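Quick mapping for you: the protein sequence lines, in order, are chains A and B. Counting in my numbering, the first sequence runs from 183 upward without gaps. Counting in my numbering, the second sequence runs from 183 upward without gaps. Where a beta carbon is used, it is the ideal one built from N, C-alpha and C, also for glycine. Given the structure is predicted, the values throughout are model-derived calculations rather than measurements. Have a look at the structure below, then the notes.
2 protein chains.
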Amino acid sequence: MSKGRLFILSGPSGSGKDTILGGVFQRLPEVRFSISCVSRPMRPGEQEGDKYHFVSREEFEQMIAEDGLLEHNCYVGNYYGTPKKPVEEAIRDGADMIVEIDVNGADQIRAKTENTVSIFILPPSVAVLRERLINRGSESPDKVEQRMKEALVEISRASDYDYIVVNDRLEDAIDDVVRIIEADRLSKERFDFANYGND
Amino acid sequence: MSKGRLFILSGPSGSGKDTILGGVFQRLPEVRFSISCVSRPMRPGEQEGDKYHFVSREEFEQMIAEDGLLEHNCYVGNYYGTPKKPVEEAIRDGADMIVEIDVNGADQIRAKTENTVSIFILPPSVAVLRERLINRGSESPDKVEQRMKEALVEISRASDYDYIVVNDRLEDAIDDVVRIIEADRLSKERFDFANYGND
Chain A
183 MSKGRLFILS
193 GPSGSGKDTI
203 LGGVFQRLPE
213 VRFSISCVSR
223 PMRPGEQEGD
233 KYHFVSREEF
243 EQMIAEDGLL
253 EHNCYVGNYY
263 GTPKKPVEEA
273 IRDGADMIVE
283 IDVNGADQIR
293 AKTENTVSIF
303 ILPPSVAVLR
313 ERLINRGSES
323 PDKVEQRMKE
333 ALVEISRASD
343 YDYIVVNDRL
353 EDAIDDVVRI
363 IEADRLSKER
373 FDFANYGND
Chain B
183 MSKGRLFILS
193 GPSGSGKDTI
203 LGGVFQRLPE
213 VRFSISCVSR
223 PMRPGEQEGD
233 KYHFVSREEF
243 EQMIAEDGLL
253 EHNCYVGNYY
263 GTPKKPVEEA
273 IRDGADMIVE
283 IDVNGADQIR
293 AKTENTVSIF
303 ILPPSVAVLR
313 ERLINRGSES
323 PDKVEQRMKE
333 ALVEISRASD
343 YDYIVVNDRL
353 EDAIDDVVRI
363 IEADRLSKER
373 FDFANYGND
């Protein structure tokens, strides 16, 4: 059986990475998604196991103590983390798994996981990113500038990633990520030499 | 301007790599093909600059002396080699170039060229390879066994390559090679960070 792969996907707020991911899972429904654990309460409209597993603070700290997370951080007093077990299972099963994470989380995951493949989603330009954040209309000018600052810090780390996808046209960006995943399935590390020609 | 890439393509006799290559150039006509230099005389049906550049023995030895080749070898008293200049031009131009070569030539090229991407074409199984060689009908049983021996030596080196493509169905194998080339264009090493967002 060939080995699976953990794909790390990052990109600044406004890069469109959530929409791209939606398109990728439509095209490649067999790819698994890494569901984060969080210690914050569920918000209206959220569902357990959809994007998050909701656990108590104590359960989360237990996971940290048992080395059950590939990465975690604390944000506004709540824990967020990536459970290790589903990733190990995917790799063992020969499956692809995507984890969506910021640049710091990506660093932690790379340090704990062998042979990850990482993809950074860039907006077409910094000017377009600002426009997109303004056009959301939901945030004050101050908040937009703060997000821009955070985005620039993220973008400055793009060269840590294996692949760069510029999200100019959404459909092209989805094609690009699909292409990266499909080409990776042909990589030497994932080829089952032991069973070659045994069909 | 982004950098180009040299793709090394290898595979045993009977793996179908020539037919795959034909399909790849049809799909991606912008990809360049590395034309070998040979010191043997032209055969009927061959054309200068099609698959080979025909040069004299003296010209070939001059190229060796001037370090003008990425690899070369001597076979039945004739020289065969890969000129360095067209490869350097392709990388500088941001283009893709494919060189078709055996496992030993691939070793020499990797030693002289940075950041190559290599692809090995495998037949579906060793049994199928033998069938294909027999069904060609052009070779004696002895010759078939000799080719099988050579093929097994080549196959044993497949794990030196970045990607493995099993040529079970021709169209799938062409898709696979195209995918590898297209995904590689998104790799970090080829991204033009200096001109990002400058359109």
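C-alpha distance - residue i paired with residue j, whole-angstrom precision
{"i": "B/Arg-372", "j": "A/Leu-203", "result": "23 Å"}
{"i": "B/Gly-250", "j": "B/Thr-201", "result": "29 Å"}
{"i": "B/Met-183", "j": "B/Asp-350", "result": "37 Å"}
{"i": "A/Asp-278", "j": "A/Ile-217", "result": "14 Å"}
{"i": "A/Gln-208", "j": "B/Leu-368", "result": "21 Å"}
{"i": "B/Ile-190", "j": "B/Ala-376", "result": "28 Å"}
{"i": "A/Gly-193", "j": "B/Glu-240", "result": "56 Å"}
{"i": "A/Val-213", "j": "B/Asp-374", "result": "30 Å"}
{"i": "B/Ile-303", "j": "A/Val-220", "result": "45 Å"}
{"i": "B/Pro-226", "j": "B/Gly-263", "result": "21 Å"}
{"i": "A/Asp-357", "j": "B/Val-335", "result": "37 Å"}
{"i": "A/Ser-341", "j": "B/Ser-238", "result": "47 Å"}
{"i": "B/Ala-293", "j": "B/Lys-370", "result": "22 Å"}
{"i": "A/Phe-215", "j": "A/Asp-324", "result": "33 Å"}
Residues sharing a beta bridge with residue i, DSSP
{"i": "B/Arg-329", "result": "None; B/Arg-329 has no bridge partner."}
{"i": "B/Asp-278", "result": "B/Arg-187"}
{"i": "B/Ile-303", "result": "B/Val-347"}
{"i": "B/Pro-165", "result": "Residue 165 of chain B cannot be examined here, being either before or after the span of chain B that is shown, 183 to 381."}
{"i": "B/Arg-214", "result": "B/Met-279"}
{"i": "A/Ser-369", "result": "B/Tyr-345"}
{"i": "A/Asn-260", "result": "A/Tyr-257"}
{"i": "A/Tyr-234", "result": "A/Ser-218, A/Glu-230"}
{"i": "B/Ser-192", "result": "B/Phe-302"}
Residue closest to residue i, alpha-carbon to alpha-carbon, out of the options
{"i": "A/Tyr-378", "options": "B/Ser-307, B/Asp-344, B/Ile-356", "result": "B/Ser-307"}
{"i": "A/Glu-243", "options": "A/Lys-233, A/Tyr-261, A/Pro-226", "result": "A/Tyr-261"}
{"i": "B/Pro-305", "options": "B/Glu-296, B/Ile-316, B/Ala-333, B/Tyr-257", "result": "B/Ala-333"}
{"i": "A/Pro-211", "options": "A/Glu-364, A/Ala-376, A/Asp-374, A/Leu-368", "result": "A/Glu-364"}
{"i": "B/Ile-291", "options": "B/Pro-223, B/Lys-331, B/Tyr-343", "result": "B/Tyr-343"}
{"i": "A/Tyr-257", "options": "A/Pro-194, A/Asn-286, A/Asp-354", "result": "A/Asn-286"}
{"i": "B/Glu-282", "options": "B/Phe-236, B/Arg-222, B/Leu-252, B/Arg-274", "result": "B/Leu-252"}
{"i": "B/Glu-271", "options": "B/His-254, B/Gly-186, B/Asp-357", "result": "B/Gly-186"}
{"i": "B/Pro-223", "options": "B/Gln-229, B/Asp-232, B/Phe-236, B/Gly-231", "result": "B/Phe-236"}
{"i": "A/Ile-337", "options": "A/Asp-284, A/Asp-324, A/Gly-319", "result": "A/Asp-284"}
{"i": "A/Asp-289", "options": "A/Asp-354, A/Asn-255, A/Asp-366", "result": "A/Asn-255"}
{"i": "A/Asp-366", "options": "A/Gly-276, A/Lys-233, A/Tyr-234", "result": "A/Gly-276"}
{"i": "B/Tyr-234", "options": "B/Pro-265, B/Ser-320, B/Ala-355", "result": "B/Pro-265"}
Same chain, Cβ closer than 8 Å to residue i, five either side skipped, listed in chain order
{"i": "B/Leu-352", "result": "Gly-198, Thr-201, Ile-202, Gly-205"}
{"i": "A/Lys-402", "result": "Limits of chain A in this structure are 183 at one end and 381 at the other, which puts residue 402 of chain A out of reach."}
{"i": "A/Leu-311", "result": "Pro-194, Gly-196, Ser-197, Pro-305, Met-330, Ala-333"}
{"i": "A/Ile-273", "result": "Lys-185, Gly-186, Arg-187, Leu-188, Met-279"}
{"i": "A/Gly-231", "result": "Ile-217"}
Proximal residues to residue i (C-beta, below 6 Å), its chain only, five neighbours per side dropped
{"i": "A/Tyr-345", "result": "Ile-301, Ile-362"}
{"i": "A/Leu-315", "result": "Gly-196, Val-326, Arg-329"}
{"i": "A/Leu-188", "result": "Val-269, Met-279, Thr-295, Thr-298"}
{"i": "B/Met-245", "result": "Leu-251"}
{"i": "B/Arg-339", "result": "Val-285"}
Other residues of its chain near residue i: CB distance less than 7 Å, five sequence neighbours each side excluded
{"i": "B/Val-359", "result": "Ile-202, Val-206, Ile-301, Val-347"}
Residue i at chain D interface by Cβ criterion, 9 Å
{"i": "A/Ser-218", "result": "Protein chains in the displayed structure are A and B, and chain D is not among them."}
Below 7 Å between beta carbons is the criterion; list the residues of the stretch 341 to 364 of chain A that meet it against any residue of chain B, in chain order.
Ser-341, Tyr-343, Asp-344, Tyr-345, Ile-346, Val-347, Asp-358, Arg-361, Ile-362, Glu-364
Taking any Cβ of chain A, which residues in the stretch 194 to 213 of chain B have a Cβ under 9 Å from it, in chain order?
none
Which residues, in order along the stretch 364 to 379 of chain A, keep a beta-carbon less than 8 Å from a beta-carbon of chain B?
Glu-364, Ala-365, Asp-366, Leu-368, Ser-369, Lys-370, Phe-373, Phe-375, Tyr-378, Gly-379
Which residues, taken in chain order from the stretch 233 to 258 of chain A, show a beta carbon closer than 9 Å to some beta carbon of chain B?
Within the stretch 233 to 258 of chain A, no residue places its CB atom closer than 9 Å to a CB of chain B.
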